[in-house]
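*Asks:* This is the structure, below, for whatever I ask next.
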Amino acid sequence: MIVAIHQPQYLPWLGYFDKMDRADAFCHLDNVQFKKNEWQNRNRIRTADGWQWLTVPVIHRFPQTIDAVEIDNRKPWAKKHLRALAVHYGGAPFFDDHIPFFRETYGRTWQRLADLNIHIIDYIRKAMGMREKPVVRASDPALINEPDPTGRLIDICRHFKADAYLSGQDGARYMDMPAFQRNGLDVMFQAYRHPAYRQRYSGFEPCMSIVDLLFNHGPDSLSIIRNEQGGDQ
Numbered sequence: 001m002i003v004a005i006h007q008p009q010y011l012p013w014l015g016y017f018d019k020m021d022r023a024d025a026f027c028h029l030d031n032v033q034f035k036k037n038e039w040q041n042r043n044r045i046r047t048a049d050g051w052q053w054l055t056v057p058v059i060h061r062f063p064q065t066i067d068a069v070e071i072d073n074r075k076p077w078a079k080k081h082l083r084a085l086a087v088h089y090g091g092a093p094f095f096d097d098h099i100p101f102f103r104e105t106y107g108r109t110w111q112r113l114a115d116l117n118i119h120i121i122d123y124i125r126k127a128m129g130m131r132e133k134p135v136v137r138a139s140d141p142a143l144i145n146e147p148d149p150t151g152r153l154i155d156i157c158r159h160f161k162a163d164a165y166l167s168g169q170d171g172a173r174y175m176d177m178p179a180f181q182r183n184g185l186d187v188m189f190q191a192y193r194h195p196a197y198r199q200r201y202s203g204f205e206p207c208m209s210i211v212d213l214l215f216n217h218g219p220d221s222l223s224i225i226r227n228e229q230g231g232d233q
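This is the structure:
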């Protein structure tokens, strides 16, 4: 049993879904400190000029955890994001397949950032045909909330009765590696090789939001993430 754990991001990049795909169980790490204007409340989409940010405005009170962060709905962010998707992906091959979900999502009033992010992530993993697996939130009262960062990861792995933890490629820099060994857990490191694929505009911009791949390649998206086939730039 391999477990992956990651903060819930807004419209994550391909590597986020690669980690989720490689794991047998996944945990949204939503009870750690929020970092404003990183990937938790914004991401990038492809445009004719390269790329642009889509940012969800938040009401942030340091040192809030991600699950406590509220969205600033005084700003018309949802309309702007939906309009940006329509402008830059309206001619993409699979835009019509997925835009109804985004219309419905952006038509709702979201209070918490984590709820929005996880809602979108859940749709996209299913839309790509990722196999079903246990998915939990770290803030769930059923999970032990160990304050030590490595201890928290180990406790989540224990919750799933896992024997391996899939870490990001830089995990060894901040984790207590011997602690995993003492708890009978192997640590695997993600080394994601970003694929090139056909985008709507000429040239290729890597590390875009997953929506860039989904609108352009639809049912082939997961195979491209897995590098099982090229994306025909």
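The sequence shown maps to residues 1 to 233 in my numbering. Ideal Cβ positions, reconstructed from N, Cα and C, are used throughout, including at glycine.
1. Note down, one range per segment and in chain order, each alpha helix (DSSP H) of at least 4 residues found wholly within the stretch 94 to 138.
2. Can you tell me whether R152 is helix, strand or coil according to DSSP?
3. Taking the beta strand (DSSP E) that H28 belongs to, which residues open and close that run?
4. Taking the continuous alpha helix (DSSP H) assigned at L222, which residues delimit it?
5. Please classify Y16: is it buried, with 16 or more other beta-carbons within 10 angstroms of its beta-carbon, or exposed?
6. Let me check understanding here. Comparing Cα to Cα, which of R152, T47, S139 and I71 lies closest to P206?
7. Cβ atoms of L14 and L213: under 8 Å apart, would you say?
8. Quick check: D96 and L222, are their CB atoms within less than 8 Å of each other?
9. Three-state secondary structure (DSSP) at A4?
10. Starting from the C-beta of E70, find all residues in its chain whose C-beta is less than 8 Å away, skip the five residues before and the five after it, and write them out in chain order.
11. Kindly indicate which three-state DSSP category F189 falls into: helix, strand or coil?
12. For the putative contact between H81 and L54, defined by C-beta atoms under 8 Å, what is the C-beta separation to the nearest angstrom?
13. In the DSSP assignment, what residue or residues form a beta bridge with R198?
*Replies:* Taking the structure as given:
1. Qualifying alpha helix (DSSP H) stretches, in chain order: 95 to 107 and 113 to 127.
2. Position 152 of the sequence shown, counting from 1, holds the residue named residue 152. The DSSP-derived three-state label of R152 is helix.
3. Within the sequence shown, the letter at position 28 stands for residue 28. Looking at the DSSP string, the run of the beta strand (DSSP E) that includes H28 is A25 to H28.
4. As a working mapping, residue 222 is identified with position 222 in the sequence shown. From DSSP, the alpha helix (DSSP H) with L222 extends over S221 to I225.
5. As a position in the sequence shown, residue 16 is number 16, starting the count at 1. It is buried - the Cβ of Y16 has at least 16 other Cβ atoms within 10 Å.
6. Counted from its first residue, the sequence shown places residue 206 at position 206. The option with the nearest alpha carbon to P206 is T47.
7. Position 213 of the sequence shown, counted from the start, is the residue given in the question as residue 213. Position 14 of the sequence shown, counted from the start, is the residue given in the question as residue 14. Their beta carbons are under 8 Å apart, which means L213 touches L14 by this criterion.
8. Residue 96 sits at position 96 when you count from the first residue of the sequence shown. Residue 222 sits at position 222 when you count from the first residue of the sequence shown. No, Cβ-Cβ distance for D96 and L222 is not below 8 Å.
9. Mapped onto the sequence shown, residue 4 falls at position 4. For A4, the three-state secondary structure derived from DSSP is strand.
10. One-based indexing of the sequence shown puts residue 70 at position 70. Only V58, I59, Q111, R112 and L113 meet the Cβ criterion.
11. Position 189 of the sequence shown, counting from 1, holds the residue named residue 189. Correct three-state label for F189: strand.
12. Against the sequence shown, residue 81 aligns to sequence position 81. Against the sequence shown, residue 54 aligns to sequence position 54. H81 to L54, Cβ: 5 Å. Contact.
13. Counting from 1 along the sequence shown, the entry for residue 198 is found at position 198. DSSP output for R198 lists no bridge partner at all.
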